[in-house]
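Everything below concerns the one structure shown next.
2 protein chains.
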Amino acid sequence: MGRAGLTADRLAQAGAELADELGFEQVTVAELARRFKVKPASLYSHVQSSADLKARVALVVLAELADRASEAVAGRSREAALAALGNSYRDYAHEHPGRFAAMQLRLDSETAARSAGPRHTRLMLAILREYELSDADQTHAVRLLGSTFQGYVSLELSGSFSHSEPSSNESWDHIIHGLHILLENWQVR
Amino acid sequence: MGRAGLTADRLAQAGAELADELGFEQVTVAELARRFKVKPASLYSHVQSSADLKARVALVVLAELADRASEAVAGRSREAALAALGNSYRDYAHEHPGRFAAMQLRLDSETAARSAGPRHTRLMLAILREYELSDADQTHAVRLLGSTFQGYVSLELSGSFSHSEPSSNESWDHIIHGLHILLENWQVR
DNA sequence: GTCAATTGCCTGCTACCATTAGGTTTTGAC
DNA sequence: GTCAAAACCTAATGGTAGCAGGCAATTGAC
Chain A
1 MGRAGLTADR LAQAGAELAD ELGFEQVTVA ELARRFKVKP ASLYSHVQSS
51 ADLKARVALV VLAELADRAS EAVAGRSREA ALAALGNSYR DYAHEHPGRF
101 AAMQLRLDSE TAARSAGPRH TRLMLAILRE YELSDADQTH AVRLLGSTFQ
151 GYVSLELSGS FSHSEPSSNE SWDHIIHGLH ILLENWQVR
Chain B
1 MGRAGLTADR LAQAGAELAD ELGFEQVTVA ELARRFKVKP ASLYSHVQSS
51 ADLKARVALV VLAELADRAS EAVAGRSREA ALAALGNSYR DYAHEHPGRF
101 AAMQLRLDSE TAARSAGPRH TRLMLAILRE YELSDADQTH AVRLLGSTFQ
151 GYVSLELSGS FSHSEPSSNE SWDHIIHGLH ILLENWQVR
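Note that the protein sequences, when read in sequence, are chains A and B.
Numbered according to full-length UniProt numbering, the first sequence terminates at residue 189, and the numbering increases by one at each position without gaps.
Numbered according to full-length UniProt numbering, the second sequence terminates at residue 189, and the numbering increases by one at each position without gaps.
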């Protein structure tokens, strides 16, 4: 019988696609095994557990998004960079809601450290350097940006903004601009 | 045989407590049945499905939080009101992480409309009225505040802020103040 | 107080998922 | 070709969701 050619990476990759198709909750050992026309038990040579599988999907997604974000930000500065970063985050979530859900998974701290999370942070810091904040304020600002982006997109995807005017796109643009203004005046406070 | 006195409300209430004890993912028909010393099938006279049960827990939590928030905000204005609102949200999440997780559940739009969500919105609007924004800007601002609060708390609870200086409390205060400044200057842009 | 209707909960069943242990086949290195 | 490692399978356990149908306790009408 031919082999499916399973590896941890291919499983994580397929898990990410499965997440976008059926939702992240449906990323299950059994479903993934079906996709590879293989028995569930076979996956356990490559992946420790269902939790491990989901964590690997999250890592794939984080890395993917970090790639897109650095591309988007390259060559831009200040508000343009901020908008590019925010948009890359938001666009990715809209294109890949399942992957975005995977990103929300709580990783234990060592896994988180080995993830692309720190890359996201460094990218934000690079943008913030142009706003001339103190070191402490840079950290505050990273946390503000991260919170707002992640919160906005997750509320938007859950439909919170879809039943009222004006459009979510409009709010998003205003918010990005508002954050820019806030960063410009941060130290003056 | 004595009856357990099951009702949908008591199940939702118990589900909320269960969420804080074991995590929202552990809020399961089977576990809840164990708590009431009853067979799982018995719950289905009061609750349609496992998903229905979880949605009811989310509704309980949203209402609970709306109560706390309006109490906290009462009698305060502008930055003090903003801080009170944000803190009530954040404190609640810290005290009740399981309940907070329940709140993230995606409700279908009719359920969301019957939830306490609109009350949260009205409360924010009441605070924003003091900042003299246009109607459209009020909506943008509600979305900004909601996003930032929800994003900050959820990143904080997932541990994202616990491995770097300065402390998360400090960032939180700076961010609240920053949002206040931003609102004050919103129209001047 | 008696009886019928309703409600509350149970038994029993089906089906799916996660996981482990141990066996068999395939593949590649030599 | 041999052989060891890797890839995959069979089989079995135990947990969760959910449905159908039944008996018994409670309630309300009289």
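Ideal Cβ placement from N, Cα and C applies to all residues, glycine included.
Interface residue (Cβ-Cβ distance to chain A less than 8 angstroms): B:Y89 is not classified as such. Between B:S134 and chain A, the shortest Cβ-Cβ separation is not below 8 angstroms. Ranking A:G23, A:T121, A:H180 by CA distance to the CA of A:E95 puts A:G23 first. Restricting attention to beta strand (DSSP E) runs no shorter than 3 residues, the stretch 2-67 of chain A encloses none. Excluding sequence positions up to five before and after A:T28, its CB lies within less than 8 angstroms of the CB of S50, all in the same chain and listed in chain order. Not flagged as an interface residue toward chain B: A:P118, since no C-beta distance is shorter than 8 angstroms. In the DSSP assignment, B:R122 falls within the alpha helix (DSSP H) that extends over 117-128. The contact set of A:S50 on chain B, defined by CB atoms closer than 8 angstroms, is empty, because the minimum CB distance reaches about 12 angstroms. Within chain B, the C-beta atoms nearer than 7 angstroms to that of A:F161 come from R143, in chain order. Around the CB of A:H163, fewer than 16 other CB atoms lie within 10 Å, so the residue is classed as exposed.
Secondary structure in the stretch 131-180 of chain A: no beta strand (DSSP E) run of 3 residues or longer lies completely within the stretch. Taking all protein chains in view, the Cβ of B:K39 is surrounded by fewer than 16 other Cβ atoms within 10 Å, so the residue is classified as exposed.
Per DSSP, the unbroken alpha helix (DSSP H) holding A:R99 starts and ends at 97-103.
B:N87 carries a helical assignment under DSSP once its states are collapsed to helix, strand and coil.
Between A:L59 and A:L43 the beta-carbon gap is near 17 angstroms, outside 8 angstroms, which marks them as no contact. Residues of chain B with a Cβ closer than 9 angstroms to the Cβ of A:S158 are, in chain order, Q104, L105, R106, L107, A112. No Cβ of chain B is located within less than 8 angstroms of the beta carbon of A:I127. Taking A:G15 as reference, the option from A:S88, A:R99, A:Y131, A:G75 with the minimal CA-CA separation is A:R99.
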